[in-house]
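*Asks:*
2 protein chains.
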Amino acid sequence: MTGSTEPHFAAVAALLGDPARANILRALMDGRARTAKELAAIAGVTAPTASGHLGKLVAAELLSVLAQGRHRYYRLAGSLVACTIESLMALAGEKPLPRHRHNRALTGALRAGRTCYDHLAGRLGVQIHDRLLREGCLLPALHDDGDGGHRHGGDGDYTVSAAGRLLLAKLEIDVAAVARQKRGFARPCLDWSERVPHLAGGLGAAIAGRCFEQGWLLRRPDSRAVTLTPAGQLGLARVFGIDAAREMAAAAEGADG
Amino acid sequence: MTGSTEPHFAAVAALLGDPARANILRALMDGRARTAKELAAIAGVTAPTASGHLGKLVAAELLSVLAQGRHRYYRLAGSLVACTIESLMALAGEKPLPRHRHNRALTGALRAGRTCYDHLAGRLGVQIHDRLLREGCLLPALHDDGDGGHRHGGDGDYTVSAAGRLLLAKLEIDVAAVARQKRGFARPCLDWSERVPHLAGGLGAAIAGRCFEQGWLLRRPDSRAVTLTPAGQLGLARVFGIDAAREMAAAAEGADG
DNA sequence: CCGATGCTTCGGCCGCGACCGAAGCATCCC
DNA sequence: GGGATGCTTCGGTCGCGGCCGAAGCATCGG
Chain E
1 MTGSTEPHFA AVAALLGDPA RANILRALMD GRARTAKELA AIAGVTAPTA SGHLGKLVAA
61 ELLSVLAQGR HRYYRLAGSL VACTIESLMA LAGEKPLPRH RHNRALTGAL RAGRTCYDHL
121 AGRLGVQIHD RLLREGCLLP ALHDDGDGGH RHGGDGDYTV SAAGRLLLAK LEIDVAAVAR
181 QKRGFARPCL DWSERVPHLA GGLGAAIAGR CFEQGWLLRR PDSRAVTLTP AGQLGLARVF
241 GIDAAREMAA AAEGADG
Chain A
1001 MTGSTEPHFA AVAALLGDPA RANILRALMD GRARTAKELA AIAGVTAPTA SGHLGKLVAA
1061 ELLSVLAQGR HRYYRLAGSL VACTIESLMA LAGEKPLPRH RHNRALTGAL RAGRTCYDHL
1121 AGRLGVQIHD RLLREGCLLP ALHDDGDGGH RHGGDGDYTV SAAGRLLLAK LEIDVAAVAR
1181 QKRGFARPCL DWSERVPHLA GGLGAAIAGR CFEQGWLLRR PDSRAVTLTP AGQLGLARVF
1241 GIDAAREMAA AAEGADG
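Now the structure itself:
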């Protein structure tokens, strides 16, 4: 009786706890939008059942929906959703000791580099995050409360230094423009496979977006894993000073426990 | 049919999704151990029901149990569990816009400073984390894969510099001894209220422990919130160079959205 | 040794929620 | 307009799992 009211997080966890919904969410973890029918097939349920699940997920604001003609496209509501799921995966991943030999190649690729909603994760994402932090491009959030008005939802968690603006300009990213977006600016997101944060938020999305636009990285059709191109190898070395090919190969190798 | 096997994280989320279990976990978020009977009362269920829940949570390695006489003490299995729940709270917290006026003081105190499993969180925890990072006491994890043997579960995510060892010696913390522990050494943990990582792992626990031992901080009986003592105000200023009273007051003020 | 206490296991009850088929709208194409 | 496609709502079934009371072990106290 001390506090028998249901905690808020329990309702969210229950949403994530159903197998069908979990499959839907996992499929959307790459940030792409999918139709209700596609998601029904992925979840292995009929269209009515999937519709019910999707309705609940939208009501809980875990998913957002865009109606386009007779199709309805569902996607994750934000990177915070993806971050929470990554965190759950980190918690669930180490326990069962599955020893699945057969899909080691797949998980290896996922560990090397993948998308987490709209930003980069895996070894590649962590390397970029660490590099920006180490070079002083990203500063760990003053939280300057001296002046009032600290709306805790709006202000970014990292700030970008002058050096950071310079570096990101090489990627043709306008930091000020990103900061003007109404979303989280630059937030750490606990990485499922590396157990260290990578960069989420608008800035993380901008970096990932430029990597795809420039052909540095390619999305794989049915996986969150990304492929590094030769141009990407050069570009990432030039901008971030990281040996992406070596890092990603090392992460892929160490796929098993 | 693309991938209709249940994702691992769904099972964990389902565990967290039951109201009774969620209440149990929330009660254990302060890192203290409690008996089965206490937890049954907190969850609002009878002893047999609680026993079933606790058994499942232990089987899933979310909880660990210590038998002592005829009592069995349950506690969170590790800081990663606490981190995941914090992440879920962050996801669940912003949506419903609860506008609970009556317990604003409570959430204010929680935002100011609280325990997260065995380490400090809230504004206080974030301040310490940031300070250590800013002063170069904590270095963001090389992840040196050059040599083999990178057991991803064992190595810490932050490393402590010489300056850090010096600073922590002022707290009578032997960094080498902490590093020898079989647990995560120093990991960032996403803070529920501040949306920025604080310091988890053995080092975070050691810092929190010394703060309690020296009477700098007091645990409140039925809350995760901590109270700053005058000695703590002085000590934290001396060791970390932070104005804890001012920071915590500011965080408590901004409790509402 | 006996009763009290703490915790667990065992059956059985019961309700929530996932699931499906059928039907109802909306949209697109011919 | 008519048929096909995509999605949702509506009833109804059913199984999983939370819940409790009673009983079974263990431990502590006298």
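Residue numbers (this note's numbering), protein chains in the order written: chain E, 1 to 257; chain A, 1001 to 1257. For glycine and all other residues, C-beta sits at the position ideal for the given N, C-alpha and C.
(1) Please list, in chain order, the residues of the region 177 to 207 of chain E that have any C-beta partner in chain A closer than 7 Å.
(2) Return the first residue and the last residue of the beta strand (DSSP E) that ALA1067 (chain A) is part of.
(3) What in chain E is Cβ-close to SER1051 (chain A), meaning under 7 Å?
(4) Please report the straight-line C-alpha distance between ALA27 (chain E) and ALA1010 (chain A), rounded to a whole angstrom.
(5) Okay, do the region 52 to 65 of chain E and the region 167 to 187 of chain E touch, 3+ Cβ pairs below 8 Å being the bar?
(6) Could you say which of A:GLN1127, A:ASN1023 and A:GLU1135 lies nearest to ALA1043 (chain A) if we only look at CA atoms?
(7) Rounded to whole angstroms, what's the CA-CA distance from GLY1069 (chain A) to GLU38 (chain E)? Just pull it up for me.
(8) Considering LEU25 (chain E), what are the terminal residues of the beta strand (DSSP E) in which it resides?
(9) Give the residues of chain A in contact with ALA6 (chain E), contact being defined as C-beta atoms less than 8 Å apart.
(10) If LEU1057 (chain A) and ARG1032 (chain A) are in contact, beta carbons under 8 Å, what's the gap, nearest whole angstrom?
(11) So, does the CB of MET1089 (chain A) fall closer than 8 Å to a CB anywhere in chain E?
(12) From the DSSP output, in three-state form, read off LEU1171 (chain A) for me.
(13) Relative to the C-alpha of LEU139 (chain E), which residue among E:VAL226, E:ALA82, E:PHE185 and E:TRP216 is closest?
(14) From what residue to what residue does the alpha helix (DSSP H) around VAL239 (chain E) run?
(15) Can you tell me the Cβ-Cβ gap for LEU217 (chain E) and GLY125 (chain E), rounded? I've got them flagged as a contact below 8 Å.
(16) With respect to the beta strand (DSSP E) encompassing ALA1200 (chain A), which residues constitute its N-terminal and C-terminal limits?
(17) Is there a Cβ from chain A that is less than 8 Å from the Cβ of PHE240 (chain E)?
(18) In whole angstroms, what is the alpha-carbon distance linking LEU88 (chain E) and PRO7 (chain E)?
(19) Leaving out five residues on either side along the sequence, give the residues of the same chain with a beta carbon under 7 Å from the beta carbon of PHE240 (chain E).
(20) Does the beta-carbon distance from GLY81 (chain E) to LEU1091 (chain A) come in below 8 Å?
(21) How about GLY1113 (chain A) and MET1248 (chain A): do their beta carbons lie closer than 8 Å?
(22) Tell me which residues share the same chain as CYS1137 (chain A) and place their Cβ nearer than 7 Å to its Cβ, disregarding the 5 neighbours each side in the sequence.
(23) State the beta-bridge partners of TYR74 (chain E) as determined by DSSP.
(24) Do you know whose CA, among A:ILE1242, A:THR1005, A:ALA1013 and A:GLN1181, lies nearest GLU1135 (chain A)'s CA?
(25) Just to confirm before moving on: does the CB-CB distance between LEU1120 (chain A) and ILE1207 (chain A) stay below 8 Å?
(26) When the cut-off is 8 Å and only beta carbons count, does ARG1032 (chain A) lie next to chain E?
(27) Taking Cβ positions only, does HIS1152 (chain A) come closer than 8 Å to chain E?
(28) With a threshold of 8 Å on Cβ separation, who are the neighbours of LEU15 (chain E) within its own chain once the five nearest residues in sequence on each side are excluded?
(29) Report the residues of the region 208 to 224 of chain E with a CB closer than 8 Å to any CB of chain A, ordered along the chain.
(30) Give, in chain order, every residue of the region 67 to 89 of chain E whose Cβ lies closer than 8 Å to some Cβ of chain A.
(31) Which one of A:THR1227, A:ARG1187, A:GLY1202 and A:ARG1224 has the shortest CA to CA distance from ALA1179 (chain A)?
(32) Is it the case that the Cβ atoms of LEU190 (chain E) and CYS1083 (chain A) are separated by a distance below 8 Å?
(33) Look at the alpha carbon of ARG224 (chain E) and the alpha carbon of THR107 (chain E), and state the distance between them as a whole number of angstroms.
(34) Give the DSSP-derived three-state secondary structure of ARG114 (chain E) in the structure shown.
(35) What is the DSSP secondary structure of VAL45 (chain E), counted as helix, strand or coil?
(36) Would you call THR1005 (chain A) buried or exposed, if buried means 16 or more other Cβ atoms sit within 10 Å of its Cβ?
*Replies:* According to the structure shown:
(1) ARG187, PRO188, LEU190, ARG195, VAL196 and PRO197
(2) Residue numbering aside, residue 1067 (chain A) sits at position 67 when the second sequence is read from its first letter. Looking at the DSSP string, the run of the beta strand (DSSP E) that includes ALA1067 (chain A) is 1063 to 1068.
(3) Residue numbering aside, residue 1051 (chain A) sits at position 51 when the second sequence is read from its first letter. Near SER1051 (chain A) there are no residues of chain E at all, since even the closest Cβ is about 17 Å away, more than 7 Å.
(4) Residue numbering aside, residue 27 (chain E) sits at position 27 when the first sequence is read from its first letter. Residue numbering aside, residue 1010 (chain A) sits at position 10 when the second sequence is read from its first letter. Each residue's Cα considered, the two are about 13 Å apart.
(5) no
(6) Within the second sequence, residue 1043 (chain A) is the residue found at index 43, counting from 1. Nearest C-alpha to ALA1043 (chain A): A:ASN1023.
(7) Counting from one through the second sequence, the residue named residue 1069 (chain A) turns up at place 69. Counting from one through the first sequence, the residue named residue 38 (chain E) turns up at place 38. Near 55 Å, if we compare the C-alpha coordinates of GLU38 (chain E) and GLY1069 (chain A).
(8) On the first sequence, residue 25 (chain E) is found 25 positions in, with the first residue counted as 1. LEU25 (chain E) -> not in any beta strand (DSSP E); alpha helix (DSSP H) instead, spanning 19 to 28.
(9) Stepping through the first sequence from its first residue, residue 6 (chain E) is reached at position 6. The amino acid occupying residue 6 (chain E) in the given sequence is Glu; Ala does not appear at that position. Residues of chain A passing the Cβ test: PRO1019, ALA1022 and ASN1023.
(10) Here the question's residue 1057 (chain A) lines up with position 57 in the second sequence. Here the question's residue 1032 (chain A) lines up with position 32 in the second sequence. Rounded, the Cβ-Cβ distance is 16 Å, inconsistent with contact.
(11) Counting from 1 along the second sequence, the entry for residue 1089 (chain A) is found at position 89. Yes, contact with chain E.
(12) Taking the second sequence and counting its residues from 1, the one referred to as residue 1171 (chain A) is at position 171. Residue state, collapsed to three classes: coil.
(13) One-based indexing of the first sequence puts residue 139 (chain E) at position 139. With distances taken between Cα atoms, LEU139 (chain E) lies closest to E:PHE185.
(14) For the purposes of this step, residue 239 (chain E) is taken as residue 239 along the first sequence, with counting starting at 1. VAL239 (chain E) -> alpha helix (DSSP H) spans 230 to 240.
(15) The count along the first sequence starts at 1 and reaches residue 217 (chain E) at position 217. The count along the first sequence starts at 1 and reaches residue 125 (chain E) at position 125. That pair is no contact at about 11 Å.
(16) Along the second sequence, read from residue 1 onward, the residue named residue 1200 (chain A) stands at position 200. ALA1200 (chain A) -> beta strand (DSSP E) spans 1197 to 1200.
(17) Counting from 1 along the first sequence, the entry for residue 240 (chain E) is found at position 240. Not an interface residue.
(18) Locating residue 88 (chain E) in the first sequence gives position 88, counting from the first residue. Locating residue 7 (chain E) in the first sequence gives position 7, counting from the first residue. Roughly 18 Å between the two C-alpha positions.
(19) As a first step, residue 240 (chain E) must be located in the first sequence, where it is residue number 240. These residues qualify, in order along the chain: ILE128 and ARG131.
(20) Locating residue 81 (chain E) in the first sequence gives position 81, counting from the first residue. Locating residue 1091 (chain A) in the second sequence gives position 91, counting from the first residue. In the sequence on display, residue 81 (chain E) carries Val and not Gly. It is a contact, given that the beta carbons lie within the stated cut-off.
(21) The residue labelled residue 1113 (chain A) in the question sits at position 113 within the second sequence. The residue labelled residue 1248 (chain A) in the question sits at position 248 within the second sequence. Cβ atoms of GLY1113 (chain A) and MET1248 (chain A): closer than 8 Å.
(22) As a first step, residue 1137 (chain A) is located in the second sequence; it is residue number 137 there, counting from the start. These residues qualify, in order along the chain: VAL1160, SER1161, ALA1163, GLY1164 and LEU1167.
(23) To locate residue 74 (chain E), count along the first sequence from 1; it is residue 74. Bridge partners of TYR74 (chain E): E:ARG34 and E:VAL65.
(24) As a working mapping, residue 1135 (chain A) is identified with position 135 in the second sequence. Residue A:ILE1242 is the option with its Cα nearest to GLU1135 (chain A).
(25) For the purposes of this step, residue 1120 (chain A) is identified with residue 120 of the second sequence, where counting begins at 1. For the purposes of this step, residue 1207 (chain A) is identified with residue 207 of the second sequence, where counting begins at 1. Yes, they are a contact pair.
(26) Along the second sequence, read from residue 1 onward, the residue named residue 1032 (chain A) stands at position 32. Cβ-Cβ to chain E under 8 Å: no for ARG1032 (chain A).
(27) For this step, residue 1152 (chain A) is matched to residue 152 along the second sequence. Because the pLDDT of HIS1152 (chain A) is 33, which lies under 50, any placement of that residue in the model is unreliable, and the number read from its coordinates should be weighed accordingly. Yes, because at least one Cβ of chain E sits closer than 8 Å to the Cβ of HIS1152 (chain A).
(28) Within the first sequence, residue 15 (chain E) is the residue found at index 15, counting from 1. Contacts found: ARG21, LYS56, LEU57, ALA60 and LEU62.
(29) ASP222
(30) LEU80, VAL81, CYS83, THR84, ILE85, SER87, LEU88 and MET89
(31) As a first step, residue 1179 (chain A) is located in the second sequence; it is residue number 179 there, counting from the start. When each option's Cα is compared against that of ALA1179 (chain A), the closest is A:GLY1202.
(32) Taking the first sequence and counting its residues from 1, the one referred to as residue 190 (chain E) is at position 190. Taking the second sequence and counting its residues from 1, the one referred to as residue 1083 (chain A) is at position 83. Contact: yes.
(33) On the first sequence, residue 224 (chain E) is found 224 positions in, with the first residue counted as 1. On the first sequence, residue 107 (chain E) is found 107 positions in, with the first residue counted as 1. C-alpha separation (whole angstroms): 10 Å.
(34) Counted from its first residue, the first sequence places residue 114 (chain E) at position 114. Strand, per DSSP.
(35) Numbered from its first residue, the first sequence carries residue 45 (chain E) at position 45. Of the three classes helix, strand and coil, the one that applies to VAL45 (chain E) here is coil, per DSSP.
(36) Walking along the second sequence from the start, residue 1005 (chain A) turns up at place 5. Result: exposed.
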